[in-house]
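Participant:
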Amino acid sequence: PNTQAPPPQVVAGIPPNARPTHVTGGRPPTNFTQQGFPGSPAQGTRPTMPVQQGPTIGIPPGPRPPMAPLQVGPGYQQTSSQYAPRPPPGNEGIDSILPNISNVRISQDPPIQNQSSQIDQQTRSPKQNRSKRAHHDLGPQPHSSVPSTPSYHQPPTNNASQTGQAPTQPMYTSMVSQPTSAGQGINQPQYTQPPQLHVPQQPPASQYTQPPQLPVPQQPPVPQYAQPPQLPVPQQPPAPQYAQPPQLPVSQQPPAPQYTQPPQLPVPQQPPPMVRPNAPRSRIDPNQIPSPVVVQEQDQHLFDEQPYMTRSKSTIPLASTDFRAIDEGNSNPRFIRLTLYSIPHTEELLQTSHLPLGVILQPLAKLRSDEAPIELVNFQDNGPVRCRRCKAYINPYVMFVEGGQKFICNMCLFSNEVPSEYFCNLDMNGLRADIDQRPELKYGTVEFTAPQEYWARPPTPLSYIFAIDVSWNSIKSGMLAKCVETIKDILYNSQNGIPPGGKIGIITFDKDIHFYNLQPQLEQAQMLVVSDINDVFVPLSSGLLVDPTQSRAVIEGLLDSLPAMFAENKIIEPVLGAVVKAVHMALSDTGGKLLIFQTALPTLGPGSIRHREDSKLYNTDKEKTLFGPQDNYYKTLAISCVDSGICIDLFLFPNAYIDVATIGLLSCLTGGETYFYPNFDAQRDGEKFVYELKQNFSREFGYNALMRIRCSNGLKIADHFGNFNMRNTTDLELAGIDSDKAFGALLKYDGKLDEKTDAYIQCALLYTTSSGQRRVRTHNLSVSVTQLLGNVFRHAEMDTTVNFLAKQAVSNTLNKSLRDIRDQLTDKCVKILMSYRRHCASSSSPGQLILPEAFKLFPLYALTMLKSKALRGGANLTSDVRVNCMRLIKSIGVSQSIVLFYPRLFPVHNLSDQAGYPDQRGIIQLPPLIRGSYARFEENGAYLLENGQVLMFWLGRQVSQDFIRNVFGVESVEHIDSKISVLPALENQTSVQIRSIIAHLQSQRSKHLRLTIVRTQIDPSEIEFNSLLVEDENNGAMSYVDYLCYIHKQIQTEVKLEINTTKGEKHETYKK
């Protein structure tokens, strides 16, 4: 990239006096109580900023200070005070969150490169005009600003310097309403509330957190102001009729913190529609703030027809984009992504930006079907060529010199002798003549066969042991029957089952452990029972691990008989620690995989656990004690399994507390996975369990693994994040690793980087494939170095940064309170944006919130992290739920985390004829996304929401009978069976399209997306659905608009402090 230009920037339209006001503390009110404004009539329009009375937050109640006067221009249109009709589907209006917002005018200067072109900057994405950004300084850079006077706002002048100061740029101009007194203001549309159920009469407002709702008086129009010529703006669409999600009766709310229907657990009851105190404040048009939907769709459009070339200078595709990559020497972004693709040349410059410098690695990530497979390179017994000093592997960035007799390592710059068997002459360009026949010199990702010196033990095909809980809970829930049925299907009816040469064993347990001799010459399996669980041993010298093909009759007979064999079992409390010890003895020589199916808290034998869940600790600083293990028994046992190459996957089916924090260490430290099915019911959850157990066998898997990340001179790895074990500061020990597992690493400086050369990162994974081959997979990445802070921001990668910060945050939950972690995330957001403003856009008006183009969505994603089950406040989530989500975040890749934090929302009640059908490339076409806010909904609409973990189908109260009949085969919403998880196959286009869309969404995820029907004001599942609309106020945190206002206010405070400090220094200088 051109290092002479600062990055583009976007200015969100927030005036100087936007909510919240008079913020003196540094902590955002993520946990709050709504308060009325003493002395002011409850006659306002939009919801108040979440505030809390008292000195703890530092946001005193009271009326807002006056703000900038309204600006309107040609084309301003008065809106009626009558009820407005609902906008057409897909409308970007968000008026139901902020009912009183002014009309907006867009004005911009023509682009710098082409004065004759006009670009609608309102919908510009951070990936737009990639080729221009790669070869020009900056080009057109949109802003969204709010002038404080009724005159045209001029862009800031160009005072660019070595810090990356932004030059003159076109601006967005948003209008904000003038502060009004009671009963006076702009003519605004009135909004209806969705039908509300009866609520008992409330006492006076002084006794409640919210004042009663009063009617909003009609407001007279405000005079118009002159504006310079503006680009044409379409008439503002009518406002939606919803302002807040409909509420369920109290009787339908599930009690907290008890478990509700899987896969999600209880969420807080939604508060009633927010009351709007009458206080002067700014009105912000939510359509002018950055939208992830627009950004994602535009980025997807760029890569629909063209592939991503990994050494191109354009920004890498977003994590949400479905793209085809061509490896040109840098690894595919599916394998490795950096937070910064233009690294600061000094640590001081990085600290100035407040951006994290980190890498996210997903070493075995699944490639797209049309991408080239990874090349396998065999150096025979000599092994791959490596640097003699730093041990880095040969890669496309080493430099061959002296006619090809030596190569200079790109990591440490050491000159190495080329082995005689690897020698080749160089051409006139200094390249090896055989470069086209050397994949390791062409591609960023390759695999090497590992010689014997790389073996921890002789590699063999993977062995599996199934350890199945047969206690009373297992029988009652139907788990045992569903489990043995699925295992039999995997072994004998699946193409992706046990690899050739692999072996299996079966163990059952309750208070005793039952081993089975499965030798093929037996007529039926022989059971051997070990009752002394405190001194457990393996009673079989042979027959425990067998070839599933040779012993098929014995294995099928055993699996078929297990449900009847234990049908009358009354034992409630199973063991666990003794089972793992026994399996460790059985697999210690070869390594392998242990799959445990557990239904209850293990309270017997070694590793017995007490019930320690205490709801009184929820939402307190002591809650973090519930996130760590009770003792070190399972940690020690898990490390022993890592030493032997035994990976453990846990399938948990609790109907009460099971202490995921303690027993989950077995999968966390060994590189396995925890599958969590609270209140499991085979009829309801069986499909999800079956899918995920089969997926566990079908995805790529390696065991006995070791991973190391190397950096070029000047950089080093300072910390690692993820689920693994470490004995030193460099090597990640992984008993198992699969295609869904990702890891984070923090990079730090140990010297100054040379801006004239690139920086390099190499990840090497040594592992054994499930078929028994020992290999080394390497991923390589080359990135530029810069002296300009503007270029650091311009080439920052927000999706990777969000994943990295989330991994870092959940890794701190054992040492810090959730409240402190949430505060740190918000503080990080403020510091990043403040740094950009201070050093790259210092000439901007203090009333403008300036967002870097690449990070314009960062405040939204920071807010969504605060709302995640891992970090959000409140006392309604059990520790099991939180810890399970924390460990999920620690292990997921970037593409998974983006949709987890900001779910995708599809309207399906007005599908085009193409939706649900494949295009010319064979890819199913999805309906356009809408933003995650209830204000975007229509009461006669139907919407699909998915976040990689759940799939919910929301139906409005007034959805048409034809739609219900076509999709569900019944006559009304009330007649729909909300327990169904599969739509009926009906012979009409609507049914075919929606079922195709659902099947496509489910095929994109490694976890099964069980369809959940949500009928508004009928099903309790609506509470969970509403909590996933992350742009609204929920989960104990602000709405997107309110959070942006809070961030802006914090930045304003810093700006004013700097101005006052500068004035004071000048005054002292004058006095001297």
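Counting with UniProt numbering, you get residues 1 to 1072 for the letters of the sequence shown. Quick reminder that beta carbons are idealized off the backbone N, C-alpha and C, glycines included.
1) Quick one: Cα of residue 435 to Cα of residue 334, how far?
2) When the Cβ atoms of the stretch 631 to 650 are set against those of the stretch 659 to 674, are three or more pairs found closer than 8 Å?
3) Since residue 749 sits in a beta bridge, which residues does DSSP pair it with?
4) Where do the N-terminal and C-terminal ends of the alpha helix (DSSP H) with residue 558 fall, by residue?
5) Span of the beta strand (DSSP E) holding residue 527?
6) If distances are taken between C-alpha atoms only, which option among 357, 1013, 805, 975 comes closest to residue 983?
7) Along the chain, where does the alpha helix (DSSP H) containing residue 455 start, and where does it finish?
8) Tell me, to the nearest whole angstrom, how far the beta carbon of residue 337 is from that of residue 800; I am working on the premise that it is less than 8 Å.
9) Assign residue 165 to buried or exposed, taking buried as 16 or more other Cβ atoms, counted over all protein chains shown, within 10 Å of its Cβ.
10) Measuring only the C-alpha atoms, how far is residue 783 from residue 709?
11) For residue 449, which of 374, 691, 996 has the nearest alpha-carbon?
12) Indicate whether residue 723 and residue 593 have their beta-carbon atoms separated by less than 8 Å.
13) Which two residues bound the contiguous alpha helix (DSSP H) that contains residue 762?
14) Quick check: the stretch 530 to 540 against the stretch 575 to 587, are at least 3 beta-carbon pairs closer than 8 Å?
15) Between residue 942 and residue 959, what straight-line distance do the alpha-carbon atoms span, to the nearest angstrom?
16) Of the residues 1060, 340, 569, which one's Cα is nearest the Cα of residue 785?
17) Suppose you measure from the CA of residue 768 to the CA of residue 695; what does that come to, to the nearest Å?
18) Name the DSSP bridge partner or partners of residue 856?
19) Please report the distance separating the alpha-carbon of residue 383 from that of residue 451.
20) List the residues that DSSP assigns as beta-bridge partners of residue 445.
21) So residue 764 and residue 737 are in contact, right, with Cβ under 8 Å, and what is the actual spacing, rounded?
22) With a 10 Å radius around its C-beta and 16 neighbouring C-beta atoms as the bar for buried, classify residue 1031 as buried or exposed.
23) If you measure between the beta carbons of residue 901 and residue 868, is that distance less than 8 Å?
24) Looking at C-alpha atoms only, which residue of 471, 327, 499 is the closest neighbour of residue 439?
25) Label residue 564 either buried or exposed according to how many other C-beta atoms from any shown protein chain fall within 10 Å of its C-beta, with 16 as the threshold for buried.
26) Shortest alpha-carbon distance to residue 1052 belongs to which of 721, 846, 401?
27) For residue 878, count neighbouring C-beta atoms within 10 Å of its own C-beta (all shown protein chains included) and say buried if the count is 16 or more, exposed if not.
28) The beta strand (DSSP E) spanning residue 375 covers which residue range?
29) With H, G and I counted as helix, E and B as strand and the rest as coil, what does DSSP make of residue 227?
30) I'd like the ranges of any beta strand (DSSP E) spanning at least 3 consecutive residues and lying wholly in the stretch 676 to 739.
31) Can a CB atom of chain D be found closer than 8 Å to the CB of residue 663?
32) Could you please give the first and the last residue of the uninterrupted alpha helix (DSSP H) stretch that includes residue 966?
33) Report the three-state DSSP secondary structure of residue 952 (helix, strand or coil).
34) Excluding the five sequence neighbours on either side, which residues of its own chain have a C-beta within less than 6 Å of the C-beta of residue 751, listed in chain order?
35) Distance, Cα to Cα, residue 1057 vs residue 833?
36) If residue 955 sits next to residue 973, beta carbons under 8 Å apart, how far is it from one beta carbon to the other, in whole angstroms?
Facilitator: In this structure, then:
1) 25 Å
2) yes
3) 715
4) 552 to 565
5) 526 to 530
6) 1013
7) Per DSSP, residue 455 belongs to no alpha helix (DSSP H) and is neither H nor E.
8) 4 Å
9) In this prediction, residue 165 scores a pLDDT of 41, lower than 50, which makes its location untrustworthy; no coordinate-derived value is stated.
10) 15 Å
11) 374
12) no
13) It is not in any alpha helix (DSSP H) - residue 762 instead sits in the beta strand (DSSP E) that spans 759 to 769.
14) yes
15) 7 Å
16) 340
17) 20 Å
18) The partner list for residue 856 (beta bridge, DSSP) is empty, contrary to what the question assumes.
19) 6 Å
20) 779
21) So it is not a contact: roughly 13 Å between Cβ atoms.
22) buried
23) yes
24) 327
25) exposed
26) 846
27) buried
28) 375 to 377
29) Confidence at residue 227 is low in this model, with a pLDDT of 38, below 50, so the placement of that residue should be treated as unreliable; the coordinate-derived value is given next. Residue 227 falls in the coil class under three-state DSSP.
30) 701 to 711, 715 to 721, 731 to 738
31) Absent from the structure: chain D. Only one protein chain is present.
32) 961 to 968
33) strand
34) 714
35) 16 Å
36) 6 Å
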